[in-house]
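Going by the numbering used here, the final residue of the sequence shown carries number 760, and the count climbs one at a time with no gaps. Just so it is clear, CB atoms sit at the ideal spot from N, CA and C, and this is done for glycine as well. Computed from a predicted model, the values in this text were never measured in an experiment.
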Amino acid sequence: MEKSRRVQRLAFSLLFGLCLPCCLTQTTPTSGAATTAPAPSPSPRPQTERLKVRLAGYPRKHNEGRVELFHKGEWGTICDDDFSIANANVLCRQLGFVSATGWTHSAKYGNGQGKIWLDNVLCNGGEKSIEACRSRGWGNSDCTHDEDAGVVCKDERIPGFMDSNVIDNHMDVNKVEEVRLRSVVGTAKKKLPITEGVVEVKYKGGWAQICDLGWTIKNTRVVCGMLGFPLERKVNKNFYKLYLERQKNYFHVHSVQCTGTEVHLAACPLEFNKPNGTFSCEGGMAAVVSCMPGPLFMPSGGSKKKPKTSNNVRLKGGAKLGEGRVEVLKDNEWGTVCDDRWNLPSASVVCRELGFGSAKEAITGARMGQGMGPIYMNEVKCLGQEKSIWNCPFKNITSEDCKHAEDAAVRCNVPHMGHENAVRLTGGRTRYEGRVEVLRSDSNGTQSWGLICGETWNTREATVACRQLGLGYANQGLQETWYWDSSNVTDMVLSGVKCTGDEMSLSQCQHHKTVSCQKAAAKFAAGVICSETASDLVLNAPMVQQTVYIEDRPLHLLYCSAEEDCLSKSAAKANWPYGHRRLLRFSSQIHNIGRADFKPKAGRHSWVWHACHGHYHSMNIFTHYDLLNSNGTKVAEGHKASFCLEDTDCQEGVSKRYECANFGDQGITVGCWDLYRHDIDCQWIDITDVKPGNYILQIVINPDHEVAESDFSNNAMKCNCKYDGHRIWLHNCHTGDAFSEEAERRFEKYPGQLNNQIS
């Protein structure tokens, strides 16, 4: 009995000890920290600025590592004293993961550097930021870096979370905050991008020069790279010397010694002007550089010798120019790169190879979406000067090494083009939406804002507008903006705008030479709703190939399908209910590999109930199924309304969110897929009237671009098809962007069509 009471007292004291910190006031001391009481550490930053958190160290994956915090312009660590799973949960959520699965002590991921920012941290687990938890206060610690804490996060991202798991360049950016080129040639000042000029660094609210004594081409390479240019070129110093002798220069930096592989000037050894030293550059002058822009940024009619960009590396899934998931071409098929040991030198090689500058960020953990094809490279180890990522050492992939959740991505430095200054949004509820207004100049050079006619305005045009504004993807392109407050701008200055979706600005799209707008009232002006994330649907091509077969289905079982218009036109003349239709059947598994859930554009109030199938349709046309002959003529077709969009299954660690039953929400979650089995209604093409021969089967998801996606190039899938009148074979099934251009040309001899209309 006595033993039982002792156990009870011990349990009570433990429980009391655990609960007490939550109940006491903020100034109550805890054991082990008598000299300085743990207290909430109010952030000196404005409330709008979030605390930056990152994972560092080695060996680690994208979802685990040493915790580092950015405070007062400096990265530092957290001590493992009193660390708990509750602390880890708060930190993992700040990093964009749903929760923590564990934490580490004693510098498991290596010793950090700099400050130990927090010690004796005590969270209850529900805080939005680690700075809201109790601690000894910022910078108050009795630890060494041998006690640096780490976390292991559950590898499931918070939907729509934007902060990437970024591999930063460890450098003191306060040394050189900003760098620019100042052109001294009058004509060059008006043209963007500026590719040649005096190198200047931001200093005390103004601009200062760099002394060019000991300046090398390696320094020039670094400056060009951080300004968005892949290559450097020689400059005529004599021309600038005459000009600079007449100028008053202030030299803030006296010596630069880059190796040429750095991604920022601040990463190079620099010698600054001493407070009491001389401001002159005796025997030298201000550093001048000249850069070669990539093909996308070449002025028309410029240099005859244009740099080539790679045709076996590309970026996919990025919201802005120069960013995306890294994909490489091998044996005529595109695949991805695993993020193990992914770093800035390797990312910079990719960026320069594609005609951009050095890498601004190397991104891990499939933060630009997951690929679908093979994974070709692992542990890429570029030095930074290679011409191609294929020239860098890397390991080949085995099936257990990597998954697409570890696809590497980059964000490259791109030249400043000023496109964002020629367009604006007005009247929206947030900065991401509004009526689109463009800046136009008349014959006298007078500039004014005008509206764009909304008649031909759609998703592609809206995509270009959002990209030009730096606001990501187009969630919607609006042909009417009557519910927004009108500004004093009422004139339509553009009409008939048609974009491919790849342009950098609306000025590069086609439009009417003279404005022609049927509905010229301001409420019919073009508008957009932009988003930093978007979905990306892609078909599982091998599944189509594996599940195809022919069924001769009796007409008396097809009344419902006829109502849904899922049979060819000749079915109307059949002798119902006698006879049958020949159906080409297959399963289609549609994955969402983007960064936002795919949801119907129409709200549930407008969904249509179909008594025949017993559920609501949320989209009029979701997929086109076409059988085409060798010259591209359609010989048979099918189409599929979204019977219902739901999560049939998900990858490991991702939870289903959408289910059609009981008028449930419809959509496809990121990391999930919707499976339309071969044996459900309308999952077919009616080939009753098709003669034996060789054909191409084409499937297109979201064909009218009704719902925004980050990438429409992978919405189409094609297969070679052989039909002998009794049996059917599919081979070479692939999505539209999976093969090289050369392989695609061999696959078909006609221009493929992405719509369901016969021209």
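When the options are compared against residue i, the one with the closest alpha-carbon
{"i": "Asn1", "options": "Cys413, Leu426, Gly336, Ser449", "result": "With the chain represented from 2 up to 760, any question about residue 1 goes unanswered, as that position is not in the structure."}
{"i": "Ser488", "options": "Asn716, Leu452, Gln519, Asp332", "result": "Leu452"}
{"i": "Gly478", "options": "Lys499, Met493, Val494, Glu263", "result": "Lys499"}
{"i": "Ile681", "options": "Cys518, Val236, Gly615, His706", "result": "Gly615"}
{"i": "Gly502", "options": "Phe713, Gln652, Ala612, Cys292", "result": "Phe713"}
{"i": "Val545", "options": "Ala363, Arg234, Leu731, Arg425", "result": "Leu731"}
{"i": "Asp213", "options": "Ser281, Glu263, Gly455", "result": "Ser281"}
{"i": "Ala637", "options": "Asp650, Leu568, Pro601, Asp666", "result": "Leu568"}
{"i": "Gly604", "options": "Asp83, Gln667, Met299, Asn237", "result": "Gln667"}
{"i": "Tyr377", "options": "Glu354, Asp341, Phe357", "result": "Asp341"}
{"i": "Asp725", "options": "Arg746, Gly737, Val691", "result": "Val691"}
{"i": "Glu334", "options": "Phe298, Gly374, Cys93, Ser656", "result": "Gly374"}
{"i": "Arg728", "options": "Leu646, Val381, Val549, Lys382", "result": "Val549"}
{"i": "Gln352", "options": "Arg368, Pro296, Glu132", "result": "Here the sequence assigns Cys to residue 352, which means Gln is not the residue at that position. Among Arg368, Pro296, Glu132, the Cα nearest to that of Cys352 is on Pro296."}
{"i": "Gly285", "options": "His265, Asp675, Glu263, Lys242", "result": "Lys242"}
{"i": "Ala535", "options": "Thr482, Asp738, Arg468, Thr491", "result": "Arg468"}
{"i": "Gly385", "options": "Tyr579, Ser562, Ser349", "result": "Ser349"}
{"i": "Thr736", "options": "Lys238, Asn716, Cys154", "result": "Asn716"}
{"i": "Thr491", "options": "Ser449, Gln480, Leu472, Thr515", "result": "Ser449"}
Identified DSSP bridge partners for residue i
{"i": "Thr337", "result": "Glu328, Ile376"}
{"i": "Ala101", "result": "Cys154"}
{"i": "Glu438", "result": "Arg425, Leu452"}
{"i": "Ile195", "result": "In the DSSP output, where bridge partners are listed per residue, Ile195 has none listed."}
{"i": "Cys292", "result": "Glu233"}
{"i": "Leu676", "result": "Gln590"}
{"i": "Met718", "result": "Ile700, Thr736"}
{"i": "Asn445", "result": "BP columns for Asn445 are empty, so no partner."}
{"i": "Trp208", "result": "Lys203"}
{"i": "His581", "result": "Pro555"}
{"i": "Lys723", "result": "Asn695, Trp730"}
{"i": "Phe252", "result": "Gln210"}
{"i": "Arg315", "result": "Glu328"}
{"i": "Glu362", "result": "Arg412"}
{"i": "Ser532", "result": "Tyr474"}
{"i": "Phe273", "result": "Val254"}
{"i": "Trp216", "result": "BP columns for Trp216 are empty, so no partner."}
{"i": "Trp685", "result": "Arg586"}
{"i": "Ala526", "result": "Cys454"}
{"i": "Val180", "result": "Val202"}
{"i": "Ala287", "result": "Cys212"}
Presumed contact (8 Å Cβ cut-off) between residue i and residue j, rounded CB distance
{"i": "Arg181", "j": "Phe98", "result": "The pair is not a contact, with the Cβ atoms about 37 Å apart (cut-off 8 Å)."}
{"i": "Arg183", "j": "Val199", "result": "5 Å"}
{"i": "Glu564", "j": "Cys613", "result": "6 Å"}
{"i": "Arg55", "j": "Gly113", "result": "Not a contact, Cβ separation roughly 11 Å."}
{"i": "Asn125", "j": "Ser136", "result": "Asn125 to Ser136, Cβ: 13 Å. No contact."}
{"i": "Glu233", "j": "Ile218", "result": "6 Å"}
{"i": "Lys524", "j": "Glu481", "result": "6 Å"}
Residue-level contact to chain D via CB, residue i, 8 Å cutoff
{"i": "Lys176", "result": "Absent from the structure is chain D; it holds one protein chain and no more."}
Measuring CB atoms only, is the region 461 to 473 touching the region 522 to 537, in the sense that at least three cross pairs come out at less than 8 Å? yes
Three Cβ pairs or more, each shorter than 8 Å: is that satisfied between the region 570 to 587 and the region 674 to 686? yes
With three or more beta-carbon pairs closer than 8 Å as the criterion, would you say the region 716 to 725 touches the region 692 to 700? yes
Does the pairing of the region 400 to 411 with the region 429 to 449 give three or more beta-carbon distances under 8 Å? no
Identify every run of the beta strand (DSSP E) within the region 104 to 139, keeping only runs that are complete inside it and at least 3 residues long; order them along the chain. 116 to 119
Complete runs of the beta strand (DSSP E) confined to the region 452 to 516 [at least 3 residues]: 474 to 479, 493 to 495
Tell me whether the region 109 to 118 and the region 128 to 148 touch, counting them as touching only if at least three CB pairs, one residue from each stretch, are closer than 8 Å. yes
Fully enclosed by the region 590 to 649, which beta strand (DSSP E) runs are 3 residues long or longer? 609 to 611, 616 to 618, 624 to 629, 635 to 641
Three or more C-beta pairs below 8 Å linking the region 505 to 512 and the region 405 to 425: yes
Would you call the region 307 to 323 in contact with the region 411 to 418, where contact means no fewer than 3 C-beta pairs closer than 8 Å? yes
Determine contact between the region 265 to 275 and the region 287 to 302, defined as no fewer than three beta-carbon pairs at a distance below 8 Å. no
Answer yes if the region 321 to 332 comes into contact with the region 242 to 255, meaning at least three C-beta pairs across the two stretches below 8 Å, and no otherwise. no
Would the region 435 to 448 and the region 379 to 399 be scored as touching if the rule is three or more Cβ pairs under 8 Å? no
Across the region 553 to 560 and the region 489 to 497, are there enough close Cβ pairs to call them in contact, namely three or more that are closer than 8 Å? no
So within the region 51 to 86, which uninterrupted beta strand (DSSP E) runs reach at least 3 residues, ignoring any that extend past its ends? 53 to 57, 65 to 72, 75 to 79
Could you give the uninterrupted runs of the beta strand (DSSP E) lying entirely in the region 383 to 424, keeping only those of 3 residues or more? 410 to 413
Pairing CB atoms from the region 355 to 371 with CB atoms from the region 592 to 609, are three or more of them under 8 Å? yes
Taking three-plus beta-carbon pairs below 8 Å as touching, is the region 125 to 138 in contact with the region 90 to 97? yes
Decide yes or no for the touch test of the region 214 to 228 against the region 356 to 364: beta carbon pairs closer than 8 Å, at least 3 of them. yes
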